[in-house]
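Undergrad:
Numbering (the working numbering), first residue to last: 63 to 457.
Set out below in structure tokens:
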């Protein structure tokens with residue numbers, strides 16, 4: 063957020079809007095603080111009302127009663143399972159054994175009969191056939207004894223199961239009564255809660271006052287938010303316009319820099335041309351006339367004195383420097399000879415230089431054409447962007 067604000071501050075005309083937005087944001091923050099304070103007061107009032115209300119106690123009792131009901135129902139379900147299981151076992155035991163025919167209804171009678179048969183085997187002389195018949199009778203009696211023993215055990219188990227079923231049904235009845243009572247309690251507690259809910263619909267005057275204040279503050283906040291959004295949109299429009307301006311500024315900078323590059327090329331060519339023209343001037347035979355004139359002037363004066371400029375030109379043209387008035391004629395003779403000898407050489411050199419100069423003029427003309435072909439620079443955009451061209455031009 064800070065970076066965004068910094069960026070906006072660099073855009074001309076946004077500083078005042080940003081200041082206004084900051085102030086509006088602070089005002090909205092103050093409203094939000096007051097709105098929160100009102101909500102906190104409402105929550106405190108509601109909490110106080112809850113602490114004074116019997117609702118919490120009723121809810122606790124209702125939960126306790128419901129827990130008991132769940133426990134009772136679980137116990138009832140368990141006893142119903144035990145009864146069903148016992149009934150199933152009884153039916154299974156009744157079908158597991160059947161009465162064995164033989165005339166004996168007790169184990170004691172069978173035992174006495176077995177003893178009689180065993181005694182007869184021991185004490186009486188009997189035939190093999192009779193012995194076989196006695197053995198078969200004893201085997202049958204033992205089978206009857208086992209069956210009868212099983213029937214007696216099953217009978218005792220059935221009796222025990224029937225007693226248990228009776229106890230289970232009694233417990234089911236007791237639990238049913240207890241369940242009915244708890245359900246009545248639950249209905250009563252629910253009715254109490256309904257009454258409390260009805261009475262709680264009546265709002266506290268203080269809460270109503272606070273909610274009205276919140277509504278007023280929210281309305282002020284909404285209006286301020288609209289104003290802030292409008293100013294932000296205004297800045298956004300200015301940012302877009304400035305972005306377009308930056309693009310145009312970049313285009314104009316690039317154009318002017320391109321032109322400046324061409325101007326520098328033209329100036330460099332002109333400097334080169336000037337240097338060639340200066341060099342060309344050095345190849346003019348009239349230069350010797352100037353030197354001869356200067357020597358004659360010294361000769362006429364009768365005072366031997368050569369200035370530095372004269373000495374320099376003589377040395378440049380490889381003419382021995384005179385050392386007396388008498389030697390001046392020799393110097394004049396040499397200069398006339400040099401003049402005659404250099405005429406053709408100078409013409410050739412001047413011709414070559416003229417060709418170089420013509421080539422440079424051609425290059426300068428091409429650069430000027432390139433410069434004139436470019437669109438005109440918008441110096442107003444450059445001025446607004448704080449850009450100063452390297453060289454002034456109307457192009």
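We put the beta carbon where it would ideally sit given N, CA and C, even for glycine.
Closest to residue 270 by C-alpha separation, out of 104, 446 and 429, would be which residue?
TA: 104
Undergrad: Under three-state DSSP, which class holds residue 364?
TA: Three-state DSSP puts residue 364 in coil, outside helix and strand.
Undergrad: Thinking residue 100 and residue 248 are a contact (beta carbons under 8 Å), I'd like their distance in whole angstroms, please.
TA: At roughly 39 Å, the Cβ-Cβ gap does not stay under 8 Å, so residue 100 and residue 248 are not in contact.
Undergrad: Between 432, 410, 396 and 117, which lies nearest to residue 259 when the distance is taken from Cα to Cα?
TA: 117
Undergrad: Return yes when the Cβ of residue 226 is within less than 7 Å of the Cβ of residue 148, no when it is not.
TA: yes
Undergrad: Kindly indicate which three-state DSSP category residue 102 falls into: helix, strand or coil?
TA: helix
Undergrad: Do you know offhand how far residue 372's Cα is from residue 329's?
TA: 33 Å
Undergrad: Where does the unbroken alpha helix (DSSP H) through residue 327 begin, and where does it stop?
TA: 267–343
Undergrad: Roughly how many whole angstroms lie between the Cα atoms of residue 439 and residue 314?
TA: 6 Å
Undergrad: Can you find the residues in the same chain that come closer than 7 Å, C-beta to C-beta, to residue 123, ignoring five residues on each side of it along the sequence?
TA: 251
Undergrad: Check each candidate in 213, 281 and 446 and name the one with the smallest Cα separation from residue 93.
TA: 281
Undergrad: Would you be able to state if there are at least three C-beta pairs under 8 Å between the region 132–146 and the region 298–313?
TA: no
Undergrad: Have a look at 268, 254, 383 and 244 and flag the residue whose alpha-carbon is nearest the alpha-carbon of residue 119.
TA: 254
Undergrad: Which value, in whole angstroms, describes the spacing of the CA atoms of residue 141 and residue 127?
TA: 21 Å
Undergrad: If you drop the 5 nearest sequence neighbours on each side, which residues of the same chain put their C-beta closer than 7 Å to that of residue 83?
TA: 290, 293 and 294
Undergrad: Under a three-way DSSP split, which group does residue 95 fall into?
TA: helix
Undergrad: Quick check: the Cα distance between residue 387 and residue 334, rounded to an integer number of angstroms?
TA: 42 Å
Undergrad: Can you tell me whether DSSP reads residue 413 as helix, strand or coil?
TA: In the three-state scheme derived from DSSP, where H, G and I count as helix and E and B as strand, residue 413 is classed as helix.
Undergrad: Below 6 Å CB to CB, which residues in the same chain sit around residue 377 once its five sequence neighbours on both sides are set aside?
TA: none
Undergrad: Please classify residue 312 as buried or exposed, where buried requires at least 16 neighbouring CB atoms within 10 angstroms.
TA: Exposed, by the Cβ-count rule.
Undergrad: Is it buried or exposed for residue 384, if we count other Cβ within 10 angstroms and need 16 for buried?
TA: buried
Undergrad: Figure out for me which residue from 357, 381, 222 and 354 has the closest Cα to the Cα of residue 151.
TA: 222
Undergrad: By alpha-carbon positions, which one of 230, 399, 180 and 326 ends up nearest to residue 196?
TA: Checking every option, the nearest Cα to that of residue 196 belongs to 180.
Undergrad: Under a three-way DSSP split, which group does residue 438 fall into?
TA: coil
Undergrad: Pull up the distance between the alpha-carbon of residue 207 and that of residue 172, whole angstroms please.
TA: 7 Å
Undergrad: So, does the region 320–328 touch the region 396–416, judging by three or more C-beta pairs under 8 Å?
TA: no
Undergrad: Closer than 7 Å by C-beta to residue 71: which residues in its own chain qualify, once you throw out the five before and the five after it? Chain order, please.
TA: Low local confidence applies: a pLDDT of 45 at residue 71 is under 50, so the model's placement there is unreliable, with the coordinate-based value given in what follows. 77 and 80, listed in sequence order.
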